[in-house]
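For the record, the sequence lines run as chains A, B, C and D. Quick note: the first sequence uses this note's numbering, first residue 1, plus one each step. Quick note: the second sequence uses this note's numbering, first residue 1001, plus one each step. Quick note: the third sequence uses this note's numbering, first residue 2001, plus one each step. Quick note: the fourth sequence uses this note's numbering, first residue 3001, plus one each step. Ideal Cβ positions, reconstructed from N, Cα and C, are used throughout, including at glycine. What follows is a short report on a single structure.
Number of protein chains: 4
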Amino acid sequence: MLPTVACIHRGLFPSCAGLSVRMTSRGIGQKGILANRVAVVTGSTDGLIGFRGRLARDGAHVVVSSRKQQNVDRAVAALQGEGLSVVGTVCRVGKAEDRERLVATVVEHCGGLDFLVCSAGVNPLVGSTLGASEQVWDKILEVNVKAPALMLSQLLPHMEKRGGAVILVSSISAYVPHVELGPYNISKTALLGLTRTLSLELAPKGIRVNCLVPGVIKTDFSKVVRTGNEVFWNNFKEDHKVQRIGQPEDCAGLVSFLCSPDASYITGENIAVAGFSSRL
Amino acid sequence: MLPTVACIHRGLFPSCAGLSVRMTSRGIGQKGILANRVAVVTGSTDGLIGFRGRLARDGAHVVVSSRKQQNVDRAVAALQGEGLSVVGTVCRVGKAEDRERLVATVVEHCGGLDFLVCSAGVNPLVGSTLGASEQVWDKILEVNVKAPALMLSQLLPHMEKRGGAVILVSSISAYVPHVELGPYNISKTALLGLTRTLSLELAPKGIRVNCLVPGVIKTDFSKVVRTGNEVFWNNFKEDHKVQRIGQPEDCAGLVSFLCSPDASYITGENIAVAGFSSRL
Amino acid sequence: MLPTVACIHRGLFPSCAGLSVRMTSRGIGQKGILANRVAVVTGSTDGLIGFRGRLARDGAHVVVSSRKQQNVDRAVAALQGEGLSVVGTVCRVGKAEDRERLVATVVEHCGGLDFLVCSAGVNPLVGSTLGASEQVWDKILEVNVKAPALMLSQLLPHMEKRGGAVILVSSISAYVPHVELGPYNISKTALLGLTRTLSLELAPKGIRVNCLVPGVIKTDFSKVVRTGNEVFWNNFKEDHKVQRIGQPEDCAGLVSFLCSPDASYITGENIAVAGFSSRL
Amino acid sequence: MLPTVACIHRGLFPSCAGLSVRMTSRGIGQKGILANRVAVVTGSTDGLIGFRGRLARDGAHVVVSSRKQQNVDRAVAALQGEGLSVVGTVCRVGKAEDRERLVATVVEHCGGLDFLVCSAGVNPLVGSTLGASEQVWDKILEVNVKAPALMLSQLLPHMEKRGGAVILVSSISAYVPHVELGPYNISKTALLGLTRTLSLELAPKGIRVNCLVPGVIKTDFSKVVRTGNEVFWNNFKEDHKVQRIGQPEDCAGLVSFLCSPDASYITGENIAVAGFSSRL
């Protein structure tokens, strides 16, 4: 493990006895609805979903993680450039040892955790369900389903007694399956169930678990789907009366809300940010 | 009619004959995420759901309505006491002429409308579905289902081109029916459908429609259910791992979010504020 | 009134004044999975949904009803032509006195009832939700929502202790709303809730309640939708991979199953017969 | 390979080395709604769910498979004792080579396949989600989610052009999660999504895909849950007004229906056989 100071990128999360986390010297994290709370955001460094920035601007200390060091570095640099409180660590969420390292970072530098946002995921364009190899299934189920559960298991001891929240990230394809995304659809449906079960399991501990269900959001992933199939996207918009493509900020708004005290009686819910809804 | 701009931007509800209350003298309503926007909240004067206060504290000018003058007066007085911008008018939502009066109030004093929160409703304790008389059915369907749709029809011309939002109020009994609330359950299920259909109809106009689905909230209504059946409430909590009864503020938090720009890509959704969720 | 046992076990619909048709003289209705059971089917005489024929061919004595005498007569004649056991009566389901007459027919001629299939409904093409007048709402909610509940209330005393079943008929537009069918969509969503609530209410009496959710079925109603909007129908088929239009027999198959002993542990369910499904 | 026609139309499963059982000598399988069709039922040999017997009595040639030779032998013996047409083969559904062997059996002895019923599954009593090890997750996701998809992929070439049906087996715990069954709940929710996605993928091939959602059925599995927690079962019955425990025959009735022509316009549906329903 790297020295603390290096790890936290110039001491933004100085360790200190008696307090799990401190403000930075630049007064960040002292206002906003999530002031002085700690959030881990996985898979956030692709620069697209944008949760990390929002949570940090709401006052949280944010631990970002991604598969690649350069992505972590870029994300941390961007947020630091805004004067936000952030630390980064590489984490391939499917790897037990990487998850351990993430936990260690959180414990060492923040003393605990309030919010876990699991947005790490695989490229959805995996083709049909019946064409998928065992390897494709294993990868998708590992990263999209098992990893959030295992990550939370490992982080949970450090979340207790803080009244925190967990946010999983499913997809509208859990409800409106796209045939080119076969196993991906199914992993995202599994997350709806994971949200429900975790919410029951964690309610007695005061931890809420909800699920963001993004529609077609302007990301690299959706770009592949959209450009590969313009007819699909046009029909999709017409069928569901979707007026525009979603922006990463649209997702970030819901995540911020679900972490906030305003959502303290909301748990087990799967909420679409999609410009439409497809279920009762 | 006063100039719209003045009304909106100064946060003033000028005095007018026939209105039970007046503008506040303080410059409330000029900050907050809903600053200078106009919200109509029906059925809000029982002092319990508490949407009106939240929306006003978020900066909106709030038009409250209730069946009884004294309830309107009390609600207005309470909000004015906080220095909030509020106006009130009596409105039995099932009556066309009352709805017309509400529309006139909105137009005259605010020049338009951004948010409509339909929380007027009948006492749910109507007994079994098969024991319900035609009169019971008519009352429940009129107030709970038709009235929100008709109210919105009448207000819509004054909402267009403002990018507003509509919030209907269903109930967790739409998903987890309680046998003593027969026709009420069904009216609340109908609202889930009304939300979906209205969301499609209004998307091209830039108006979002979502639905608050309250669980057991500490109100006079739920008191009747809870005290009448303590075993029910205890089982309910145990089954769904509900940790506490909901507070009106819990509902208000979601309503505020759904009106805010953070929710601008969320429409057609039914969201439970219930301490649990019962569906995928 | 004839002795119940005779009526039930001999499969007789004795002649009676005021009924448009009579029992058949052949020993129909004594075999098949519904042998010697009694089914009321409302709204069945448009010749399209075709439940009545199927239930009769499965052995049930069928009481058909429709708004118009000539439709009743035609339906009865057709079924009698097949040698099936059928009786008919005019019934506008929204009228209390008509429902009373239907009940009297059932009691007098069959001594009781096992199955109630509520397929009476209004023309769905009522336009947008926000364009609907109070009259449109009243009509739709009366016929589609209230009438099935009130009809069942009146028939229930004659269904008890027979282990029967109730089938409501919703529509895929309850799940996938069509903007031109506004209030109709909502009435059909309400039926999903009516199914759930009734199932709980009637479980202790051994009566199951389920709901048929037809997709686009080849009827006069759907013809209007389809021919009025060929683009819609083509997109609908493509989006949901629907391979063909549904036939009345497709619906009849599910109704027959839901009445049969094979479905004796299924209650409260809403089942789509649509060539696709739109929900989890 | 034997002539397909002979196999299908004579209802014969000719003897073959390596198969634990043989054709019946009687002309079974030539009547009934599934006459002369071929069904594979996995995991059926625990003697409890009872699909195989029903499908065979409906006229189908049934290929049963189970993890253990003795279970296969017992199942085959029981069905042959009834004079039904059955063949058995050992198959651990999570093993590619076992699936290959099952495919070979089907091809060699039946020349093709009409129905696949995937009821193989792991013991649900795996404890909490957050307590589950990676091994538990891997096992559950492999057997409950991946295996049905991979099995179908391998069998599909032999199902085409026959207009068949696939039935997956989820669980009511997909909708009403039980905290002691954590990862199991989630795997069963995933199956709801697998049903939806497969139904879209296979619709153009004329193959329907639906899902049986059993409630508490009298099996060895449920016995563990029920006896371990009598309070749970009593509350469950009271909450959902469930009047009795389900029987394997209740599930078999739905499976038979879903394979039959009566269900030919039903696909993508998840249907509960639970004595109640928990969703809209």
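- Think of a sphere of 7 Å around the beta carbon of Thr3189 (chain D): the chain B residues whose beta carbon falls inside it are Leu1280, in chain order.
- Within the segment 1160-1184 of chain B, contact with chain C at the beta-carbon level (separation under 7 Å) is assigned to Ala1174, Pro1177, Val1179 and Gly1182.
- Pairwise C-beta distances place the segment 2172-2185 of chain C out of contact with the segment 2242-2250 of chain C, as fewer than three of them are shorter than 8 Å.
- Take the alpha-carbon of Thr2089 (chain C) and the one of Gln2069 (chain C): they are about 8 Å apart.
- Scanning its chain for C-beta atoms nearer than 8 Å, with the 5 sequence neighbours on each side dropped, one finds around Glu3100 (chain D) the residues Gln3154, in chain order.
- Within its own chain, the residues whose Cβ lies closer than 6 Å to the Cβ of Pro148 (chain A), once the five positions on either side in sequence are excluded, are Cys118 and Leu168, listed in chain order.
- Taking the C-beta atoms as reference points, Leu1116 (chain B) is found nearer than 9 Å to Ala1165 (chain B).
- For Asn270 (chain A), DSSP records a beta bridge to A:Cys211.
- DSSP places Phe236 (chain A) within a helical segment (H, G or I) once states are collapsed to three.
- At least 9 Å separates the beta-carbon of Val3143 (chain D) from that of Val3209 (chain D).
- Secondary structure of Ser2133 (chain C) (DSSP, three-state): coil.
- Around the CB of Lys1223 (chain B), fewer than 16 other CB atoms lie within 10 Å, so the residue is classed as exposed.
- Each residue's CA atom was taken as its position, placing Ser1277 (chain B) and Gly2053 (chain C) some 42 Å apart.
- Residue ranges of uninterrupted alpha helix (DSSP H) with 4 or more members, entirely inside the segment 2067-2137 of chain C and ordered along the chain, are 2069-2081 and 2096-2110.
- For Leu1202 (chain B), the enclosing alpha helix (DSSP H) covers residues Gly1182 to Leu1202.
- Relative to Ser264 (chain A), the option among A:Cys110, A:Thr219, A:Ala203 and A:Lys218 whose CA is nearest is A:Ala203.
- Under DSSP, Ser65 (chain A) shares a beta bridge with A:Thr42 and A:Thr89.
- For Ile2033 (chain C), no pairing in a beta bridge is given by DSSP.
- From the listed residues D:Ser3199, D:Val3179, D:Gly3163 and D:Cys3251, the smallest Cα separation to Pro3214 (chain D) is found for D:Cys3251.
- Taking 9 Å as the CB threshold, Ile2033 (chain C) stays off the interface with chain B.
- By the C-beta density criterion, Gln1135 (chain B) is exposed, having fewer than 16 other C-beta atoms within 10 angstroms.
- Leu1130 (chain B) has its alpha-carbon roughly 46 Å from the corresponding atom of Val3064 (chain D).
- Residue environment: Asn1123 (chain B) is assigned as exposed (fewer than 16 neighbouring CB atoms within 10 Å of its CB, all protein chains considered).
- The C-beta distance from Thr2189 (chain C) to Leu1192 (chain B) rounds to 6 Å, short enough to meet the 8 Å contact threshold.
- The residues Lys2205, in chain order, have a CB closer than 6 Å to that of Glu2160 (chain C) in the same chain once the five nearest residues on each side in sequence are set aside.
- For Asn3270 (chain D), the closest Cβ of chain C is nearer than 9 Å.
- Rounded to the nearest whole angstrom, the C-alpha separation of Asp1098 (chain B) and Cys1091 (chain B) is 5 Å.
- Here Val2166 (chain C) carries a strand assignment [DSSP, helix/strand/coil].
- Using a Cβ-Cβ cut-off of 9 Å, Leu1130 (chain B) does not count as an interface residue toward chain D, since no Cβ of chain D sits closer than that to its own.
- Secondary structure at Ile2245 (chain C): coil, using DSSP grouped into helix, strand and coil.
- For Lys237 (chain A), not one C-beta of chain C is nearer than 9 Å to its own C-beta.
- Under DSSP, the beta-bridge partners assigned to Ile3217 (chain D) are D:Gly3246.
- Annotation: Ile2271 (chain C) to Asn36 (chain A) spans about 49 Å, alpha carbon to alpha carbon.
- At the C-beta level, Ile140 (chain A) and Thr3197 (chain D) stay beyond 9 Å of one another.
- Leu3198 (chain D) is outside the set of residues whose beta carbon lies under 9 Å from a beta carbon in chain B.
- If the five residues before and after Glu249 (chain A) are omitted, its C-beta is found closer than 8 Å to the C-beta atoms of Gly50 and Arg54, all from its own chain and listed in chain order.
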